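Have a look at the structure below, then the notes.
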Amino acid sequence: MTTWNARPAGATNERFILAPEALQWLQIWFSPAFPTGAFSYSHGLEWLVETAAVDDAETLFDWLEGVLRHGAARSEAVFLCTAWRQMRARDWAALEETTVFAAALQPTAERRIECLEQGDAFLAAVRTGWPHPDLDEFAKICPADIPAPIAAGIAGAVHDMPLDALTVTFLQGFAAALVSAGVRLIPLGQSDWLRILRMLEPVTRNVAAEAMEADASDVGSAALLTDIASQHHETQHARLFRS
1 MTTWNARPAG
11 ATNERFILAP
21 EALQWLQIWF
31 SPAFPTGAFS
41 YSHGLEWLVE
51 TAAVDDAETL
61 FDWLEGVLRH
71 GAARSEAVFL
81 CTAWRQMRAR
91 DWAALEETTV
101 FAAALQPTAE
111 RRIECLEQGD
121 AFLAAVRTGW
131 PHPDLDEFAK
141 ICPADIPAPI
151 AAGIAGAVHD
161 MPLDALTVTF
171 LQGFAAALVS
181 AGVRLIPLGQ
191 SDWLRILRML
201 EPVTRNVAAE
211 AMEADASDVG
221 SAALLTDIAS
231 QHHETQHARL
241 FRS
């Protein structure tokens with residue numbers, strides 16, 4: 001397989017212009033077609049729609065902005081950045097600790113499934129299509145139950161992805177999957193879908209920038225309604241989504 005390097009010698013590669021190959025890889029990794037099963041999770045949104053807490057484009061945007069700024073998305077971005085740096089340093093002990101910590105913070109059983117199964121699927125797909133010895137080494141240490149942001153962080157690190165682009169793209173994929181869920185549940189048209197994604201662009205960039213300045217000790221959330229929605233979803237009578 002052809003290899004490439006997006007950074008000059010000695011650069012940290014946290015912020016750098018993407019090489020064309022890197023851009024292609026990020027677009028593939030975080031596209032709806034990548035086999036992680038993201039389409040089957042709603043992050044508790046299905047219960048919020050049933051109770052009419054989210055019932056139109058405006059309330060969907062408000063909810064998503066809250067999840068990105070104050071909920072799981074922000075925490076996952078911090079974990080991604082932490083894992084990226086630990087993998088760059090090949091600090092296996094710290095990386096294992098971060099992986100276990102990120103998995104333990106999932107607030108409900110369904111959210112744990114959502115995060116870990118997507119992470120396992122993401123890492124398996126990257127190891128198949130974009131193999132690297134350090135990914136194999138990580139799999140020996142943590143063979144399963146890999147949170148999605150950890151999987152994204154280490155994959156980006158071993159393949160020299162700039163951290164800023166990796167984090168923004170991860171968050172964009174996170175948001176796009178939930179907008180897609182909202183469009184199906186409420187339902188909304190494609191114009192609303194596009195407007196919401198456009199309005200979320202500065203939010204994802206800001207959250208990514210904040211995450212790059214943080215570490216695992218800064219992880220925390222204040223999206224309690226979303227956590228409660230996930231709990232209620234476990235007993236929801238009719239469901240389209242797994243979370």
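Take the sequence shown: its letter number 111 is residue 111 in the UniProt record's numbering, and every next letter is one higher.
Glycine included, every Cβ here is placed at the ideal spot set by N, Cα and C.
From a predicted model like this one, the values you see are computed outputs, not experimental measurements.
- Ranking TRP29, SER31 and GLU50 by CA distance to the CA of ALA229 puts GLU50 first.
- MET199 sits exposed, since fewer than 16 C-beta atoms from the chains shown fall within 10 Å of its C-beta.
- Inclusion of THR99 and ILE150 in the CB contact set at 7 Å is warranted, their separation being smaller than that value.
- Assignment of LEU95 by DSSP, reduced to helix, strand and coil, places it in the helix class.
- Between the alpha carbons of VAL67 and PRO133 lies a distance of about 35 Å.
- Taking C-beta atoms under 8 Å as the contact rule, LEU185 and GLU65 fail to qualify, at a distance of about 18 Å.
- Within the same chain, GLU76, CYS115, GLN118, GLY119 and PHE122 come within 7 Å of ALA148 by CB-CB distance, once the 5 residues on both sides are set aside.
- Of the other Cβ atoms in all chains shown, 16 or more fall within 10 Å of the Cβ of HIS159; this residue is therefore buried.
- Cβ neighbours of ARG112 within its own chain (closer than 8 Å, five residues either side excluded): ALA103 and GLN106.
- When the beta-carbon positions are compared, GLY153 and TRP92 stay at least 7 Å from each other.
- For GLU110, the number of other beta carbons within 10 angstroms of its own is at least 16, and it is reported as buried.
- Taking C-alpha positions only, GLY173 is separated from SER31 by approximately 7 Å.
- Between ARG242 and SER40, the CB-CB gap stays under 7 Å.
- Apart from the 5 residues on each side of it in sequence, ALA73 sits with its Cβ closer than 7 Å to the Cβ of VAL67, LEU171, PHE174 and VAL207 in its chain, given in chain order.
- Residues of the same chain with a CB within less than 7 Å of the CB of ARG88, apart from the 5 flanking positions on each side, are ALA157 in chain order.
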